Structure formats: C-alpha cells, structure tokens
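Take a look at the structure set out below.
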Amino acid sequence: VHAPEMAMRIDARMFAFIPSVIRKGIVNLPPVKRMIRHVLADLGIPEDALRFINYPTKFDSTETEKALKRSKIKLPRIESYAPKIWDYWERNLDPDLFIDKSLKGTVAGKKILITGASSGIGKAAALSLAEAGAHLILVARTYENLEEVKKEIGGKSSKVSLYSCDLADMASCEQLIENVLNDFKTIDYLINNAGRSIRRAVSASYDRFHDYERCMQLNYFGALKLTLGLLPSMEAQRFGHVINISSIGVLTNAPRFSAYVASKSALESFTACAAAEFSDTGVHFTNINMPLVRTPMIAPTKIYQYVPTISPEEAADMIAEAIIHRPKRIATKLGLFARVLHAVSPKLAEIILNTGFRMFPDSEAAKHSKDGKQHEVSSEQMAFAYLMRGIHW
5 VHAPEMAMRI
15 DARMFAFIPS
25 VIRKGIVNLP
35 PVKRMIRHVL
45 ADLGIPEDAL
55 RFINYPTKFD
65 STETEKALKR
75 SKIKLPRIES
85 YAPKIWDYWE
95 RNLDPDLFID
105 KSLKGTVAGK
115 KILITGASSG
125 IGKAAALSLA
135 EAGAHLILVA
145 RTYENLEEVK
155 KEIGGKSSKV
165 SLYSCDLADM
175 ASCEQLIENV
185 LNDFKTIDYL
195 INNAGRSIRR
205 AVSASYDRFH
215 DYERCMQLNY
225 FGALKLTLGL
235 LPSMEAQRFG
245 HVINISSIGV
255 LTNAPRFSAY
265 VASKSALESF
275 TACAAAEFSD
285 TGVHFTNINM
295 PLVRTPMIAP
305 TKIYQYVPTI
315 SPEEAADMIA
325 EAIIHRPKRI
335 ATKLGLFARV
345 LHAVSPKLAE
355 IILNTGFRMF
365 PDSEAAKHSK
375 DGKQHEVSSE
385 QMAFAYLMRG
395 IHW
C-alpha cells in the first residue's frame with residue numbers, strides 16, 4: 005500500500021475532564037450498553053468496530069518499496085485501486101447481500117391480519133401479500149365481500165382465513181380476538197387499516213358530537229382493542245409487527261378533518277408509547293401517514309375526483325416497505341415538510357392551511373344538502389391541490 009500515513013481519529017481529549025473510572029462505569033451500565041447496541045445495529049456498524057475508534061493506525065509501505073527497489077514493479081497509489089476493491093466487496097462480500105429483503109423473503113408463511121380488507125387499501129395489500137406467500141387473515145364487516153376478495157386471490161396465497169367483525173363494536177372485537185387466538189395461537193403482523201373518515205368543518209359540527217365519537221370508536225378504540233388483544237402473544241413469541249394506517253392529516257393538521265385526524269393522532273400517540281415499552285421484546289410498530297388515496301372512503305367528496313391521489317396499489321407498496329424495513333414512520337416528503345413547518349413556524353403553517361380551508365368548500369353531504377349538485381373545480385383550486393399533492397382538503 006502506497007500510503008505513508010492514513011488514520012481515522014476521534015480526539016478523546018474532549019472527554020478527558022471525565023475520570024476514566026466514571027467513563028468506563030457509564031459505558032458498562034446495562035441500559036447504556038443496550039442503547040449502544042441498538043444504535044450500532046440501526047447504523048449497520050459491528051460492535052467490534054468500537055475498539056478501533058481513536059485507534060492510532062499507521063500504514064507504512066517503506067519495507068515493500070525497499071524490497072521492490074531493484075525490480076521494475078511500481079506500487080500504484082491507493083486511490084487508483086481502492087474503489088475497485090470496495091466495489092468488489094460491496095457486490096460480492098457484504099453480509100447484507102445474503103439477507104433476503106424481498107417481500108416474499110420477509111412474509112412467506114407468516115400470519116398477517118388485515119382489517120378493512122374487503123376494499124381499498126386493505127384489499128390491495130391482501131392481493132400484494134398473497135403473491136408473496138403470506139397466510140392472510142382478512143377482517144371486514146361484510147363476510148360476503150371478503151369471499152369476493154378470496155376468490156380474486158385464488159391460488160396466489162397458500163392460505164386465506166376470513167373473519168367478519170365490526171371493529172366499532174367492542175364485543176365484536178373481543179370475539180374476533182378470541183377466534184383468532186384459538187385458531188392460530190398468535191399472528192406475526194397486524195395491519196390496522198379499517199377506518200372511518202369525516203370531512204366536515206368544526207363550525208358545521210356544533211351539533212354533531214357523534215361524528216367525533218364514531219371516528220374515535222373505529223379508528224382508535226377498535227384498533228386499540230385489537231392491538232391489546234394480540235400483543236401478549238406477539239411478546240410471548242418474541243416477534244410481532246403492528247402497522248397502523250394513519251393519515252398525512254396528522255402531520256399537516258388538515259382543516260375539515262378534526263374528527264378523523266384526532267382519532268388517528270390518538271392511535272399514533274399510543275403507538276409511540278407502546279413502541280418504547282416493547283423495544284427490547286422483538287415487537288415493532290410502524291405508522292404510515294397515507295396521503296390521499298382513491299378509495300370508496302373518499303367517494304362522497306366529489307371534489308376529490310379532480311385532485312391528485314395515489315392508488316390503493318401504491319398504498320399497498322408503502323405497507324410492503326413497512327413490513328420489509330420496519331421503520332417507525334413512513335410518510336411523503338410533503339407530509340414530513342408540513343410537520344417541520346408546524347414546528348419551526350406554526351403561524352405560517354396555519355395561514356397556509358386556512359388558505360386551503362377557504363379555497364375548498366364543504367361537500368354537499370357535509371352541508372346536509374340533498375340536491376346532488378356537483379360544483380366544478382376552478383383552475384385555482386386545481387393548482388393549489390397539485391402544489392399540496394396528497395393533502396386532504
């Protein structure tokens with residue numbers, strides 16, 4: 005190696021004011037060691053690498069050059085061949101190459117329970133996971149609709165089990181939990197997809213407290229009941245993954261969706277607390293902040309026929325990403341930007357949202373109108389919707 009001196013150093017003198025006994029004591033505390041292991045695992049850094057931090061290393065080619073002095077062999081500079089060696093290692097020797105990170109490699113034979121599986125996102129996810137060989141446990145209120153999904157799946161999945169359940173009814177939830185645990189003992193993945201959305205301004209909801217109750221009952225309490233019922237068996241088997249289909253509205257604080265966003269926010273807050281408690285048990289939690297998806301749930305709002313949305317199949321791809329990589333959150337760039345904007349400039353975010361609120365009217369259903377009149381979307385509304393692609397207005 006033609007490199008008189010190459011070193012990677014972290015100057016330990018910055019920690020010199022802490023007595024070495026205390027430093028070693030802190031590092032050896034079990035909670036600290038566990039945190040270090042988790043951080044290194046997330047970064048893909050072997051624990052043994054810590055021994056070489058601030059390790060004084062010198063590469064010297066003097067002896068090699070001396071031995072080759074009378075030959076015609078000249079040492080190439082490391083910069084001329086190091087990229088090729090690194091490229092070979094990445095393509096052929098990297099241990100991660102031998103880990104199957106495909107959807108099939110992750111879920112084949114695994115038991116996956118999907119709520120709201122008879123249409124929309126739930127159905128698209130079921131079809132995608134069926135092709136990957138998962139054992140699907142599909143849940144919806146109407147059993148006949150689930151049978152149609154099972155027919156469409158055909159022979160794509162080794163096994164499909166169907167359960168009828170009204171997740172807004174706690175007794176029905178308890179019966180579902182009992183049936184699933186009796187039949188399978190445990191499941192590997194729970195996808196809380198079933199949900200109810202209500203698009204109505206607060207000023208139009210003064211006498212509609214039941215809107216908030218209904219959203220909370222299904223979106224929060226139903227998902228919570230099912231999660232609490234299945235978590236003990238996940239913990240016992242030291243593996244499980246709870247995936248919540250949330251909304252971009254939680255990140256943007258979308259106007260007209262106060263009932264819906266509040267219920268999804270409650271589920272996300274529970275998930276964040278639970279994730280901290282289950283972090284060392286092998287049970288994982290992911291929130292997916294879905295942008296606007298073209299499903300039957302948005303059909304009553306006629307204006308959504310003209311604004312940009314993603315398809316249920318694209319939403320299913322986000323679920324697949326959650327299953328494979330197990331991130332804490334999956335969201336669009338615009339959704340994450342909105343969360344940052346709320347943090348650093350809440351008044352500006354409020355003004356932008358108010359502009360959208362005034363630009364897009366309540367739907368005829370929200371105004372209790374029965375004339376069926378459909379208002380055309382203006383070019384200004386279309387431009388704003390495309391600029392804020394995926395946000396609920």
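Using the working numbering, you'd call the opening residue of the sequence shown number 5 and step up by one each time. Ideal Cβ placement from N, Cα and C applies to all residues, glycine included. This one's a predicted model, so the numbers in the text were calculated from it and none came from an experiment.
**Asked** How would you write the range of the beta strand (DSSP E) that Val287 sits in, first residue to last?
**Response** Val287 to Met294
**Prompt:** If we ignore side chains and look at the alpha-carbon of each, how far apart do Lys163 and Glu354 end up?
**Reply:** 48 Å
**Request:** Decide if the stretch 327-336 is in contact with the stretch 276-295; the criterion is three or more beta carbon pairs, one per stretch, under 8 Å apart.
**Result:** yes
**Message:** My output table needs one value for Leu140: the three-state DSSP class, helix, strand or coil.
**Reply:** strand
**Message:** I'd like to know if the stretch 187-207 and the stretch 237-246 are in contact, where contact means that at least 3 CB-CB pairs between them fall below 8 Å.
**Reply:** yes
**Prompt:** Once you ignore the five residues that flank Glu135 on each side, which residues in its own chain have a CB closer than 6 Å to its CB?
**Reply:** Lys160
**Message:** For Met363 and Arg330, I'd like the C-alpha separation in whole angstroms.
**Reply:** 38 Å
**Prompt:** From Gly48 to Asp284, what does the alpha carbon distance come to, in whole angstroms?
**Reply:** 18 Å
**Gly253 versus Ser262 - alpha carbon distance** = 9 Å
**Request:** Tell me whether Lys78 is buried or exposed, calling it buried when 16 or more other Cβ atoms sit within 10 Å of its Cβ.
**Result:** exposed
**Prompt:** With contact counted as at least three CB pairs below 8 Å, one residue from each stretch, are the stretch 104-120 and the stretch 139-154 in contact?
**Reply:** yes
**Prompt:** Cβ of Tyr2 within 9 Å of Cβ of Asn223?
**Reply:** With the chain represented from 5 up to 397, any question about residue 2 goes unanswered, as that position is not in the structure.
**Prompt:** Between Ile82 and Ile40, what straight-line distance do the alpha-carbon atoms span, to the nearest angstrom?
**Reply:** 33 Å
**Request:** Might you give, ordered along the chain, the residues of its own chain that have their beta carbon closer than 8 Å to the beta carbon of Gly137, omitting 5 neighbours on each side?
**Result:** Lys108, Val111, Ala112, Gly113, Ser161 and Ser162
**Asked** Do the CB positions of Thr313 and Asn248 come within less than 9 Å of each other?
**Response** no
**Message:** Output needed for Ser3: all residues of its chain with C-beta closer than 6 Å, excluding positions within five of it in sequence on either side, in chain order.
**Reply:** Outside the modelled stretch of the chain, which goes from 5 to 397, sits residue 3, for which no answer is possible.
**Thr119, DSSP secondary structure in three states** = strand
**Message:** Suppose the cutoff is 6 Å on Cβ atoms and the five residues either side in sequence are ignored; what does the same chain contact list for Pro8 look like?
**Reply:** Caution applies to Pro8, whose pLDDT of 41 falls short of 50 and renders its modelled position unreliable; the model cannot decide the point.
**Message:** Which residue wins for smallest C-alpha separation from Gly286, given the options Ser273, Pro316 and Pro236?
**Reply:** Pro236
**Prompt:** Among all the DSSP beta bridges, which residues are the ones paired with Gly244?
**Reply:** Val287
**Request:** Please name the residue or residues paired with Asn196 in a DSSP beta bridge.
**Result:** Asn248
**Asked** Beta-carbon separation of Ala172 and Phe225 under 9 Å?
**Response** yes
**Prompt:** Would a C-beta distance cut-off of 9 Å place Ser176 and Val153 closer than the cut-off?
**Reply:** no
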